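Each residue of the sequence shown is one higher than the one before, counting from 3 in the numbering used here.
Ideal Cβ positions, reconstructed from N, Cα and C, are used throughout, including at glycine.
None of these values were measured; they are calculated from a predicted model.
Here the structure comes first, spelled out in structure tokens, and everything after it is commentary.
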Amino acid sequence: MRTTSSQLIIDYSRVARPRTNVILQKTSTWFQFSTDYDAFNLISFLSGYDFGFFLDGYTYHTPLDQLSTFKQGVIQDLGDNLAILIRNILLEQNQHLNDNNDADPLIYFDILSRYLMIYKLSTSILIQKILIILIIITGIIRIIFDHVWHRQKNFSCNYSHCIYFRFKNPLIIRIISIIIYSSSNILSMIIGFGFSLILACITSLIQRAPWFGDSTLAIFLFSLPCLIGFITFQYLFDLLHRRILRKFLQNSNEIHFDFEQNFSVLIIYSLSMIISIYSNSRFFYITLIWSIFICPLYLVLIIIEFILHWKQIFEKNAHQLYLPLLISFFPLIHTIETVNRILRIFTPFISLRFSSGWIHRGNIIICSIVAIPTLFFLPLLQRKKQFIRLLIVLLISFFIVLIVCCFRQPFTKNHPSTFYAKHISKSIYYAETSMNNSFNISLISQQSTITVNTYHGLVLSPILDQFSIRSGRKLYNKTCSSSTNCTFDDSFNRQLAVEHIQIESMKKKYRIRIQHVLSYNIRISSLWDIELNVQNQFDIPRKNTIIDIVVDSSISIFAIGIKIQRCEINDSPFLLLFTRLMPNTVLMGGAFCEAIDDDTTLTINRHEHFID
3 MRTTSSQLII DYSRVARPRT NVILQKTSTW FQFSTDYDAF NLISFLSGYD FGFFLDGYTY
63 HTPLDQLSTF KQGVIQDLGD NLAILIRNIL LEQNQHLNDN NDADPLIYFD ILSRYLMIYK
123 LSTSILIQKI LIILIIITGI IRIIFDHVWH RQKNFSCNYS HCIYFRFKNP LIIRIISIII
183 YSSSNILSMI IGFGFSLILA CITSLIQRAP WFGDSTLAIF LFSLPCLIGF ITFQYLFDLL
243 HRRILRKFLQ NSNEIHFDFE QNFSVLIIYS LSMIISIYSN SRFFYITLIW SIFICPLYLV
303 LIIIEFILHW KQIFEKNAHQ LYLPLLISFF PLIHTIETVN RILRIFTPFI SLRFSSGWIH
363 RGNIIICSIV AIPTLFFLPL LQRKKQFIRL LIVLLISFFI VLIVCCFRQP FTKNHPSTFY
423 AKHISKSIYY AETSMNNSFN ISLISQQSTI TVNTYHGLVL SPILDQFSIR SGRKLYNKTC
483 SSSTNCTFDD SFNRQLAVEH IQIESMKKKY RIRIQHVLSY NIRISSLWDI ELNVQNQFDI
543 PRKNTIIDIV VDSSISIFAI GIKIQRCEIN DSPFLLLFTR LMPNTVLMGG AFCEAIDDDT
603 TLTINRHEHF ID
């Protein structure tokens, strides 16, 4: 669902099963995808919802785009939601549905399609600022109190895990440790993300779209390298930290740096909140979701640890790892669900860009959609001590996923490969008017071509050769501008849009009657300075067009353009034959009806005015 009004979001929150997310608000505009909603909005300037997005868009605008492909209950849920939404709007008589530019836009997302969370962007920024201030104040107070507390002889710690007992300059050691842990987290996250990007580039060379049709596979494929990179370099940074400590003290492995590690996690989340605040974007709401769960927990751990001195009680500190993982359950589930939705919507549309050389870029986009949200989870793993064991498990899992991707067939009956065909014809009519009468105009020249695009990076020329063999029809003048784009002559006896043209000449005024095929999209234009009026322009659809033209006496020759666009597959003998003989490839349509484009130029020479 997409909306152009904040008030509609509030009304939509009252439906039975709300299912929407602010991140998906601009899905089509990010990569210039056109949907049916965009067509209505562009032509009629309509505001409201886009209910055209169902989760699996692989068959969107294809012959398989039918009600039978919907999951059971989807139409019922849609009807229930629409009924409640329309009732609420009509009862409230809301007059602000066209308010598209809110000064303080809303952030909204659903929880398991049962409850819709709504709050303002200013509220999100305020909460993040409060959390950042609390983190800074708590960290400073904790270090000061620790330093004062342990400098007093009566309260000084005297056990082997205590920093103040083992080092002569404990304050410097603590500050250096915080810097090292924070830097290691940042660098490990960058390296983990880099691992995923490298895999995306390699994957595009081996298997163009291994994740096509399976969002779960994409999540595992690009999140596991991120985890592997983070764990590997966290282990290396941990070794570096211990080596630095050994220069000051032997047996430094016994010393606990719980506060320093916890505070470094808070620093990472503080930096992410600062980025979210300065971006002033609703699409960073995931940052608040993670921060509002994780930051208070670590603040409480820091305070309780200072009060109770848990270092003396729990030597293994299991709570330092498993408690944050437990608290992160909700943001983790919500992030996975959101990423899954984005992938299921983005994947079919992004793969369509592969015909334009987007193979590497498309893999990087899918990788980023998965890897960037994974970064929020990574800092919680720094307390994991058994790095080698965890790394082995992750590597085994990754190689299993990689093998599946290499041998998997991404295009199936439910997730087919698609192609797009563009029919273009250019016809020229010419006439000389030498008397005031009515006469017909003959066709002077005509040229028709078909341009075919395949998506998902599929090479087109072998597919066309196979079609030519099966159909017994030769494709004349075939030229391919790229591996996924070819053009050839339309020799399949397609009926042209313009059937007959008649002109009535009356000195300075002309009436042109054009008989053509039935169409909704008819455009009349002229490059000359003439007065042009379409008598029946509001009769849509129509099979004939009447044009009145008033020409200045100084103009000896003028021309008008007639553009008629259609999109019915039955209007193309080539498409009917191709879809019947090549069942593994499905035709892809568009939001605008323009697949069959017939351009006609009518040139009139006003010969009678210049005979004298």
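Checklist entry - Straight-line CA distance for residue 1 to residue 217? => result No answer is possible for residue 1: the residues shown for the chain start at 3 and end at 614.
Checklist entry - Cα separation between residue 467 and residue 452? => result 15 Å
Item to check | Buried/exposed call for residue 81, threshold 16 Cβ in 10 Å | outcome: exposed
Checklist entry - Helix, strand or coil: which one does DSSP assign to residue 378? => result coil
Next on the checklist: I'd like the list of long-range same chain contacts for residue 305, defined as Cβ closer than 8 Å, with 5 residues on each side in sequence excluded.
Outcome noted: 140 and 144
Checklist entry - Between residue 279 and residue 270, what straight-line distance do the alpha-carbon atoms span, to the nearest angstrom? => result 14 Å
Checklist entry - Where DSSP assigns a beta bridge to residue 64, which residues make up the other side? => result In the DSSP output, where bridge partners are listed per residue, residue 64 has none listed.
Checklist entry - The beta strand (DSSP E) spanning residue 171 covers which residue range? => result Careful: residue 171 lies outside any beta strand (DSSP E) and carries neither H nor E.
Next on the checklist: Please tell me whether residue 456 and residue 23 are closer than 8 Å, where the distance is taken between their beta carbons.
Outcome noted: no
Checklist entry - At what residues does the alpha helix (DSSP H) containing residue 220 begin and finish? => result 217-248
Checklist entry - How long is the line joining the alpha carbons of residue 108 and residue 229, rounded to whole angstroms? => result 33 Å
Next on the checklist: residue 351 and residue 589 - do their beta-carbons sit closer together than 8 Å?
Outcome noted: no
Next on the checklist: Taking DSSP's pairing of strands, which residues face residue 198 in a bridge?
Outcome noted: DSSP lists no partner for residue 198.
Checklist entry - Ends of the beta strand (DSSP E) at residue 556? => result Residue 556 -> no beta strand (DSSP E), and no H or E assigned at all.
Checklist entry - Where does the unbroken beta strand (DSSP E) through residue 519 begin, and where does it stop? => result 511-521
Checklist entry - Exposed or buried, which one is residue 642 when buried takes at least 16 other CB atoms within 10 Å? => result It is not possible to answer for residue 642, since the shown part of the chain is limited to 3 through 614.
Item to check | Short Cβ contact (8 Å threshold) for residue 615 with residue 572 | outcome: Here the chain comprises residues numbered 3 to 614, so residue 615 is not present and cannot be evaluated.
Item to check | Bounding residues of the alpha helix (DSSP H) (the contiguous stretch that carries residue 569) | outcome: Premise fails: residue 569 is in no alpha helix (DSSP H) and is neither H nor E.
Item to check | Supposed close pair residue 184, residue 274 - CB separation, criterion 8 Å | outcome: Not quite, the Cβ-Cβ distance comes to about 13 Å (not below 8 Å), so this is no contact.
Checklist entry - Measuring CB to CB, does residue 526 end up less than 8 Å from residue 471? => result no
Checklist entry - Would a C-beta distance cut-off of 8 Å place residue 122 and residue 112 closer than the cut-off? => result no
Item to check | Exposure label - residue 17; buried when at least 16 CB within 10 Å | outcome: buried
Item to check | First and last residue of the uninterrupted beta strand (DSSP E) at residue 427 | outcome: 419-434
Item to check | Cα-Cα separation, residue 331 to residue 380 | outcome: 14 Å
Checklist entry - Since residue 499 contacts residue 566 with CB under 8 Å, what's their CB separation in whole angstroms? => result 4 Å
Next on the checklist: Spatial neighbours of residue 180 within its chain, please: C-beta separation below 7 Å, excluding the five flanking residues on both sides.
Outcome noted: 262, 265 and 266
Item to check | Buried or exposed by the 16-neighbour rule on C-beta atoms within 10 Å, applied to residue 245 | outcome: exposed
Item to check | Bounding residues of the beta strand (DSSP E) (the contiguous stretch that carries residue 533) | outcome: 533-536
Item to check | Where residue 307 falls, given that 16 or more other Cβ within 10 Å makes a residue buried | outcome: buried
Item to check | Where the beta strand (DSSP E) through residue 455 begins and ends | outcome: 445-456
Checklist entry - Is the distance from the Cβ of residue 365 to the Cβ of residue 203 below 8 Å? => result yes
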